[in-house]
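Here the structure comes first, spelled out in structure tokens, and everything after it is commentary.
2 protein chains.
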Amino acid sequence: MQNKNKLDLWVKEVFQDNVSLGFRVDKVLFSERSKYQQVDIVKTTGHGKMLLNDGMVMLSEKDEFVYHEMIAHVPLFSHPNPDNILIIGGGDGGTAREVLKHKNVKKVTLVEIDKLVVNACKKHLPKLSKSFDDPKMNLLIDDGVKFVNETKDKFDIILIDSTDPVGPATPLFNREFYESASKILNDDGILISQAESPFYNQDIQLSMMKAQRDFFKTLNIFLLSNLTYPGGLWSFGFASKGDISFKTDTTEKFKDSGIKTKYYNPDVHLASFVLPDFIKENLSGIIDN
Amino acid sequence: MQNKNKLDLWVKEVFQDNVSLGFRVDKVLFSERSKYQQVDIVKTTGHGKMLLNDGMVMLSEKDEFVYHEMIAHVPLFSHPNPDNILIIGGGDGGTAREVLKHKNVKKVTLVEIDKLVVNACKKHLPKLSKSFDDPKMNLLIDDGVKFVNETKDKFDIILIDSTDPVGPATPLFNREFYESASKILNDDGILISQAESPFYNQDIQLSMMKAQRDFFKTLNIFLLSNLTYPGGLWSFGFASKGDISFKTDTTEKFKDSGIKTKYYNPDVHLASFVLPDFIKENLSGIIDN
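Listed below in structure tokens is the structure:
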């Protein structure tokens, strides 16, 4: 129990006006506003440091490994030769950290719209933001939609490590964006997109998958567990332009890579694509599960 | 958004003094105290009706199907001939409802210590408690530990559908109880136990599995998603006295059964036993994963 005289400080996120998630706060470490959003980093008593954008929990030190391992390793171990990787969003650096564990990756371009997120994480979340110091990193502070429309580069994998479709990330959920993204992917390219809660966001998940469908040969959803997101069950979209299947046995590649993980392993990779019936029904006829 | 003049009513569960989960409440439907615990049923705006014991969320109408399908169908489809089933706890009736979907089940004995839970659920949660009207049901208001020590009956499957190891359920997490339970199982019997959060309760999970180990041939953990429990990721223990493996292909049996589910399917069954490395490491040398 806390000392009775101590300030009873909590951060609370209210979701869909129905559900709230709260975390006891020891100290507010960072609190500033950019032209895009409010950015806060707090030290919690149970989850280590926590990043919030516009009051929504983005990550905590306790469990960020799950999200970042899954968004990176599922596509990177599926792809035979992931040279050139694009990350849209992900200004905390956690996704880039996991991508950079793959020795065959030659270049990682990360396009974050909000410099304040990068600066806050550089100062307070070095375990994630240390990836920005890697010589393979090409960090751009720019609008992801603009970048995808204008770049002449071609990528093997695009990871959309975005916030929710409110605020600055909204255009990243549009059909036009997915079309542009598919055009800058190589023929065997893979697009991964943050695909919200399969319980609470069935409508968003369905519209995202419909919007991606026309531009990819196969389309699927995979699941992960996130302690600081409402309901805990979360998902990513897996869209493949060529013949790379989500059902990939990565046992040998994972072993050879020497990469250390806490959540991802080759069995978890395959199991994450096994969907309960209520998720399959919602996306029936759209995804290839 | 809610009407500004409306009472801003929430139920909140604080977990390990660090994390809170809240649900907006439309109305308190039931609120009484038994000699064991406080029992409340509230109508929430986002999750339908919700049962709380001692202020801890037990279930909500929105997602109770996940927990109840998984605790029942994983062992019942694994076992070749589950005739006689014992449920310890489960006074809401949800687990019994799923067990009774199996036509080969001849008798379900449910031992709930707290009559008030049964009465509250009979009144306000008929979708779960309707199972008590089934002619195969043998509902006993009794202490589960006492029942297990005294019964002359033998069971094919025991489901420990308990609250957490605080309050009345505490003895259900002891080595002595698991030993007694194993003695009233048939030689090919299976024991399923509510095994807490793999993230937040690593110590409880480890001590539970250690306490069960000596009395069972194989021991494992399987995972499920529960929106109203802290972190969302939850688990059950799967302990098998004989040769029935947790790795059972239930495709044909599931199809033949005609049982309708929303979460469980034969692929989810197998995938639920695929464990991330941090869970395997915690239980290393104890479970057979």
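From first to last, the protein sequence lines are chains Y and P. Quick note: the first sequence, position 155, residue 148 per this note's numbering, numbers continuous. Quick note: the second sequence, position 288, residue 281 per this note's numbering, numbers continuous. Just so it is clear, CB atoms sit at the ideal spot from N, CA and C, and this is done for glycine as well. Bear in mind the structure is a predicted one, so any value in this text is a computation, not a measurement.
Practice prompt. Using a Cβ-Cβ cut-off of 9 Å, state whether Lys255(P) counts as contacting chain Y.
Written response: yes
Fill in: N- and C-terminal bounds of the beta strand (DSSP E) containing Asp300(P)
What is shown of chain P runs -6 to 282, which leaves residue 300(P) out entirely.
Practice prompt. Would you list, in sequence order, the uninterrupted alpha helix (DSSP H) runs of no fewer than 4 residues that lie entirely inside the segment 181 to 240 of chain P?
Written response: 195 to 206
Worksheet item: Whole-angstrom Cβ separation of Phe16(Y) and His40(Y), contact assumed at under 8 Å?
Response: 6 Å
Practice prompt. Would you decide whether Pro119(Y) is buried or exposed? Buried here means 16 or more other CB atoms lie within 10 Å of its CB.
Written response: exposed
Worksheet item: Residues bridged to Thr37(P) by DSSP?
Response: Val18(P)
Practice prompt. List the residues of chain Y whose Cβ lies closer than 9 Å to the Cβ of Arg17(P), in chain order.
Written response: Val7, Asp10, Asn11, Val12 and Ser13
Item to complete: Report the three-state DSSP secondary structure of Ser124(P) (helix, strand or coil).
Response: helix
Item to complete: Measure the alpha-carbon distance for Thr211(Y) versus Ile280(Y) and round it to whole angstroms.
Response: 7 Å
Item to complete: Name, in chain order, the residues that DSSP records as bridge partners for Met51(Y).
Response: DSSP output for Met51(Y) lists no bridge partner at all.
Worksheet item: Alpha carbon to alpha carbon, what distance is there between Val101(P) and Asp146(P)?
Response: 12 Å
Worksheet item: When DSSP labels each residue in this structure, what does Thr102(Y) get in the three-state scheme?
Response: strand
Worksheet item: Any C-beta of chain Y sitting closer than 9 Å to the C-beta of Ser238(P)?
Response: no
Item to complete: Give me whichever residues DSSP pairs with Gln31(P) in a beta bridge.
Response: Arg26(P)
Worksheet item: Using a beta-carbon distance below 9 Å, is Tyr171(Y) in contact with chain P?
Response: no
Worksheet item: Is Phe247(P) near the ligand HEM, going by C-beta to nearest heavy atom under 8 Å?
Response: Ligands in the displayed structure: none, and consequently the ligand HEM is not present.
Worksheet item: Beta carbon of Ile78(P), beta carbon of Val104(P): below 9 Å?
Response: no
Worksheet item: Below 9 Å between beta carbons: does that hold for Cys114(P) and Gly84(P)?
Response: yes
Item to complete: Report yes or no: do three or more beta-carbon pairs, one from the segment 234 to 254 of chain P and one from the segment 198 to 205 of chain P, lie closer than 8 Å?
Response: no
Item to complete: Take every Cβ of the segment 262 to 278 of chain P, pair it with every Cβ of the segment 269 to 280 of chain Y, and state whether three or more of those distances are shorter than 8 Å.
Response: no
Worksheet entry | Minimum C-alpha distance to Asp107(P) - residue among Leu132(P), Pro269(P), Lys96(P) and Thr241(P) | Leu132(P)
Worksheet item: Quick one: which chain Y residues come within Cβ less than 8 Å of Ala188(P)?
Response: In chain order: nothing, as chain Y lies at least about 15 Å away.
Practice prompt. Count the C-beta pairs between the segment 54 to 68 of chain P and the segment 86 to 95 of chain P that are closer than 8 Å, then say yes if the count reaches three, no if not.
Written response: yes
Item to complete: Scan the segment 247 to 271 of chain Y for residues whose Cβ lies nearer than 7 Å to a Cβ of chain P and list them as they occur along the chain.
Response: Thr254, Lys255, Tyr256, Asn258, Asp260, Val261, Ala264, Val267, Pro269, Asp270 and Phe271
Discussion item. Using a 10 Å radius around the Cβ and a threshold of 16 neighbouring Cβ atoms, would you call Leu0(Y) buried or exposed?
Written reply: exposed
Item to complete: With DSSP collapsed to three states, give me the class of Asn74(Y).
Response: coil
Discussion item. So Phe192(Y) contacts chain P; which residues on that side make the cut at Cβ distance below 7 Å?
Written reply: Asp56 and Leu220
Worksheet item: Would a C-beta distance cut-off of 9 Å place Leu184(Y) and Ile134(Y) closer than the cut-off?
Response: no
Discussion item. Give me, in chain order, the residues of the same chain whose beta-carbon lies closer than 8 Å to that of Lys129(P); leave out the 5 immediate sequence neighbours on both sides.
Written reply: Leu93, Val98, Lys99, Lys100 and Val101
Fill in: Nearest candidate by alpha-carbon position, reference Phe170(Y), set Ser190(Y), Val7(Y) and Met202(Y)
Met202(Y)
Discussion item. Is the beta carbon of Leu217(P) closer than 9 Å to that of Ser265(P)?
Written reply: yes
Worksheet entry | Neighbourhood of Leu226(Y) by C-beta, 7 Å cutoff - its chain only, sequence neighbours within 5 removed | Ser190, Pro191, Phe192, Leu216 and Ser218
Worksheet item: So, Val59(Y) versus Glu6(Y), is the Cβ gap smaller than 9 Å?
Response: no
Worksheet item: Taking Cβ to Cβ, would you say Phe70(P) is nearer than 9 Å to Thr241(P)?
Response: yes
Discussion item. Asn167(Y) and Phe148(Y) - do their beta-carbons sit closer together than 9 Å?
Written reply: no
Fill in: Cα-Cα separation, Lys123(Y) to Arg90(Y)
8 Å
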